[in-house]
Amino acid sequence: MHIVSREEMQAIDHYAIETIGLQGAILMENAGRAIFQKLLPLLKKEDRIGVIIGKGNNGGDGFVIARCLMEKSFQTDVWVVPAKKELTGDAQSHMGIYFRAGGTVRFIQDEHNTFLKKVNEYTVVIDALLGTGVHGEPRSPYLGVIQSVNQSQAMVAAVDLPSGVPANGGQFTHEAVQADHTYTLQCPKLAMYTKPAAAYFGTSHIVDIGIPNIAFREQEVLRRLWTREDVLTSLPKREAFSHKGAHGKGLLIAGSTEMPGAAALAAKGALRSGIGLLTISTPEEIWTAVSTHAVEATYVSRDDIQFDHYDGIALGPGLGREKSTAHLVKKALSHDDIPLLIDADGLFHLKSYIKLLKKRQAPVVITPHPGEMARLTGLTIKEIENNRFQTAKAFAVNHGIYVVLKGKYTVISTPDGNQFVNDTGNAALAKGGTGDVLTGMIFAFMFQHQSLLSAICNAVHLHGMVAEHLTLHSHSKLDVLASDVTQAIPVVLHNFYRDTVC
Ligand SMILES: NC(=O)C1=CN([C@@H]2O[C@H](COP(=O)(O)OP(=O)(O)OC[C@H]3O[C@@H](n4cnc5c(N)ncnc54)[C@H](O)[C@@H]3O)[C@@H](O)[C@H]2O)[C@@H](O)CC1
Ligand SMILES: [K+]
């Protein structure tokens, strides 16, 4: 499923209407009807429903929903913000259809006080005020209407976007509709996956309005959600006659005397995700501590690493930021025919050797959180958070690497500019150590998947699913530990494999 910016959505609508010939009024009919069908199971006969309509095409969708509600005899008031003559195009057409089908409306300008009273009596409000066409802070009278909707006790169902939320996300401080349900047309907009916009959507529903796939291909939308179906079709098969050497001989350079746990967690993540052979390079003082948790691994001292012996290298978790560990990053980068995964303190050192990235033959994957990304790019964390998609893509393309920008919706960017969004996981993962586990999972998958991209995306997806599994069955979001995540990988993998043919 694609994820689009406001400009991409407008271009896709335009292509569907002008090139394909699927008229805007038909798309609007599809949109309104499809939303109504999805909304129906949530409605009760005794509900008092207010449909609130703005001046653009979002309002037009509202007229279709209002007609569907009327046809099913729901108690509905339709409130219109602009004067009648201000409605144009497809919205005007659907207002006409609604009137000729027997519908009536009330204008907020004419009955402002009645509207304020009524909005508090509704049990359901349909927000069809503003959609992808909004620019900046909602102006009067929209802002006041939005405030009234937010103060009411009604269940609020937003059409396409909660009104006032910018489709592209980014920072905003103005008031916008706080929806309980948002019915997003055709495909998610960027706002659904960015802060603070994501918090306004309530439960999101994707509504198919019939725009043909060719419209997305022609607009070359390079961003999409990585779904369960993607995982099921790309999880690796383990061949019956395969041997340990066929599933990756990996070197994990991680851990320090202060942070032995990071090495253990990354190792455990890799071992639980099917790596064939794992060698861990940590300071010798902590071999015993780490090997208690990763008995299946072998160990090599930092001075004796033979980089060429491995199919891939992961480095960074708990490595430490001392100068003495920086040369390991340089060495790993210099062995440019070996795939490399860099995380945590490895990213700290990477900043000094960033020019080496472009010289490499084999792929590089980095897994920064916003703080690490800020340091790498020279931007602030706020700037990263406000432009997650743009900054991750620019960095991946400029340096020819895969960037896994972690967060509530982890964004995976490829060297050729494609982006994939993960929507699994929850706040249980907002703890030290869970990133180390993810590094291990990605590392192990790198050796076992047909494509590096599906290895990364599957690891991120499953890592999130493990958190969801734990909080669904046995833990609260508070008490999940990174080591619990490593322990629950098997049950989640088992469930996925049960659903595949592998
Ligand atoms: N043919 C299409 O393009 C389709 C569009 N659809 C709907 O149309 C929406 C987009 O329609 P529009 O482009 O007409 O835009 P909107 O309906 O989102 O709103 C545009 C109107 O709001 C005004 N406006 C913009 N910023 C404002 C602000 N800050 N304060 C107050 N008013 C403001 C504009 O002047 C314009 O009149 C989508 O979100 C979707 O709901 C659907 O009907 C499907 C088909
Ligand atoms: K809306």
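Residue numbers for the sequence shown follow our numbering, so the first one is 31 and each next one is one higher. Just so it is clear, CB atoms sit at the ideal spot from N, CA and C, and this is done for glycine as well. Bear in mind the structure is a predicted one, so any value in this text is a computation, not a measurement.
Would you say residue 289 touches ligand 1, meaning its beta carbon is less than 7 angstroms from a heavy atom? The answer is no for residue 289.
To the nearest whole angstrom, what separates the beta carbons of residue 58 and residue 84, a pair I think is in contact under 8 angstroms? Between residue 84 and residue 58 the Cβ distance is about 14 angstroms, and since that is not below 8 angstroms, they are no contact.
Bounding residues of the beta strand (DSSP E) (the contiguous stretch that carries residue 450): 449-451
Please state whether DSSP places residue 532 in a helix, a strand or coil. For residue 532, the pLDDT reaches just 49, beneath the cut-off of 50, and the residue's location in the model is therefore unreliable, although a value from the coordinates is still provided. Here residue 532 sits in coil by DSSP.
Complete beta strand (DSSP E) runs within the segment 305-367 (minimum length 3 residues, chain order): 307-311, 328-330, 342-345
Would you kindly check if the distance between the Cβ of residue 52 and the Cβ of residue 291 is under 8 angstroms? no
Which class does residue 432 belong to by DSSP, given the choice of helix, strand or coil? strand
Grab me the residues of residue 157's own chain with a C-beta within less than 8 angstroms of its C-beta, minus the 5 sequence neighbours each way, in chain order. 82, 179, 186, 187, 188, 189, 192, 193, 207, 209
Strictly closer than 6 angstroms from CB to any heavy atom of ligand 2: give me those residues in the order they appear in the chain. 88, 157, 158, 159, 160, 161, 188, 189, 190, 191, 193
Out of 483, 309, 495, which has the shortest C-alpha to C-alpha gap to residue 457? 495
Hey, residue 526 and residue 261 are a contact pair by Cβ (cut 8 angstroms); roughly how many whole angstroms apart? About 6 angstroms separates the two Cβ atoms, so the contact holds.
Ligand 3 heavy atoms versus the CB of residue 238: any closer than 7 angstroms? Ligand 3 is not part of the structure shown, which contains ligand 1 and ligand 2 as its ligands.
Any idea what DSSP makes of residue 280, helix, strand or coil? Residue 280 carries a strand assignment under DSSP once its states are collapsed to helix, strand and coil.
With 16 other Cβ atoms within 10 Å as the buried cut-off, status of residue 401: exposed
Return helix, strand or coil for residue 513, following the three-state DSSP convention. helix
Where does the unbroken beta strand (DSSP E) through residue 467 begin, and where does it stop? Careful: residue 467 lies outside any beta strand (DSSP E), inside the alpha helix (DSSP H) at 464-476.
Is there contact between the segment 316-326 and the segment 365-378, where contact requires at least three CB pairs shorter than 8 angstroms? no
May I ask which residues mark the beginning and end of the alpha helix (DSSP H) holding residue 501? Per DSSP, residue 501 belongs to the alpha helix (DSSP H) from 482-503.
Residues near residue 497 in its chain [Cβ-Cβ closer than 6 angstroms; skip 5 each side]: 455, 456, 458, 459
Using a Cβ distance threshold of 8 angstroms, determine whether the segment 391-398 contacts the segment 292-308, with at least three qualifying pairs required. no
So, with DSSP's three-state summary, where would you put residue 49? Helix at residue 49.
Is it right to say residue 440 is buried, meaning 16 or more other beta carbons lie within 10 angstroms of its own, or is it exposed? buried
I need the straight-line Cα distance from residue 247 to residue 111, nearest angstrom please. 36 angstroms
Rounded to a whole number of angstroms, what is the C-alpha to C-alpha distance between residue 273 and residue 343? Taking the straight line joining both Cα atoms gives about 20 angstroms.
Is any heavy atom of ligand 1 found at a distance shorter than 7 angstroms from the C-beta of residue 47? yes
Taking C-beta to C-beta, are residue 445 and residue 427 nearer than 8 angstroms? In this structure, residue 445 places its C-beta atom within 8 angstroms of the C-beta atom of residue 427.
Thinking just about the alpha-carbon of each residue, which of 135, 251, 514, 66 is nearest to the one in residue 34? 251
Could you check if residue 168 belongs to the surroundings of ligand 1, using beta carbon to heavy atom distance under 7 angstroms? yes
If you draw a straight line from the C-alpha of residue 249 to the C-alpha of residue 448, how long is it? 14 angstroms
Residue 244: which of 524, 49, 367, 484 sits nearest, CA to CA? Nearest option by C-alpha distance: 49.
Identify, in the order they occur along the chain, each residue of the same chain with its Cβ nearer than 6 angstroms to the Cβ of residue 278, setting aside the five sequence neighbours on each side. 305, 306, 341, 477
Among 205, 230, 142, 135, which residue has its Cα nearest to the Cα of residue 166? Cα-wise, what sits closest to residue 166 is 205.
Limits of the unbroken alpha helix (DSSP H) element including residue 142: For residue 142, the enclosing alpha helix (DSSP H) begins and ends at 142-149.
When the Cα of residue 486 is compared with those of 106, 212, 383, 468, which residue comes out closest? 468
Please name the residue, chosen from 258, 431, 404, 334, that lies closest to residue 314 on a Cα-to-Cα basis. When each option's Cα is compared against that of residue 314, the closest is 334.
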